[in-house]
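In the working numbering, the protein residues as written are 19 to 200. No residue lacks a Cβ here, since even glycine has one placed at the ideal position from N, Cα and C.
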């Protein structure tokens with residue numbers, strides 16, 4: 019098995035993981051919108067409010083935001099200042115993506131894991147819950163999203179850098195669907 023085959027296999031696994039996460043969690047957006055409507059309606063029409071229901075919106079939003087970062091990266095959906103990038107050749111875009119991944123994305127995502135690890139473990143040790151009476155008693159799960167986001171972002175960063183390196187190292191006739199993004 020060639021190194022190109024191994025690399026494209028790893029890229030496809032990482033892409034598949036983050037696609038699955040993103041596709042499944044995208045449905046939480048509709049659920050979150052429905053919960054917001056219910057919270058507003060319950061408060062406005064019936065004068066009823068629930069801390070847990072309000073906090074559930076934060077939990078849903080945090081889950082979507084944190085765990086879909088890698089999915090968004092995979093689909094090139096993050097905002098970038100695209101003044102020059104779109105005019106570059108495929109090779110030069112691959113250089114920009116590879117260097118950006120190595121110099122910025124991977125250090126940032128690894129830093130996310132490192133900086134959040136202890137406060138997440140401490141939260142799990144005490145099964146940290148909401149400070150609000152009637153709130154969701156699962157803050158430890160919410161805090162777990164930070165290192166998980168760092169992990170998925172690190173993995174997708176590795177896939178993106180690898181994809182760019184394949185573009186840079188392989189002749190165009192040997193490139194596969196895994197190199198088409200750069």
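Candidates the options: closest to residue i by CA position
i           : options            : result
residue 160 : 184, 173, 175, 135 : 135
residue 112 : 20, 30, 158, 188   : 188
residue 35  : 63, 88, 128, 153   : 88
residue 154 : 78, 183, 20, 60    : 78
residue 98  : 33, 20, 114        : 114
residue 116 : 186, 96, 162, 33   : 186
Span of the alpha helix (DSSP H), counted from its first residue to its last, around residue i
i           : result
residue 96  : Run containing residue 96: none; DSSP gives neither H nor E here.
residue 31  : 21-64
residue 186 : 157-187
residue 201 : In the structure displayed, the chain extends from 19 to 200; residue 201 sits before or after that span and is not available.
residue 146 : No alpha helix (DSSP H) contains residue 146, which DSSP labels as neither H nor E.
residue 114 : 108-118
Cα-Cα separation, residue i to residue j
i           : j           : result
residue 138 : residue 105 : 43 Å
residue 173 : residue 59  : 41 Å
residue 72  : residue 147 : 15 Å
residue 19  : residue 37  : 26 Å
residue 4   : residue 110 : As shown, the chain starts at 19 and ends at 200. That puts residue 4 outside it, with no answer to give.
residue 123 : residue 129 : 10 Å
CB-CB length for residue i against residue j, believed under 8 Å
i          : j           : result
residue 69 : residue 150 : 5 Å
Assess, as a yes-or-no matter, whether the stretch 24-40 is touched by the stretch 164-178 under the definition of 3 or more beta carbon pairs within less than 8 Å.
yes
On the three-pair Cβ rule with 8 Å, is the stretch 38-48 touching the stretch 69-88?
With contact defined as three or more Cβ pairs closer than 8 Å, the stretch 38-48 and the stretch 69-88 are in contact.
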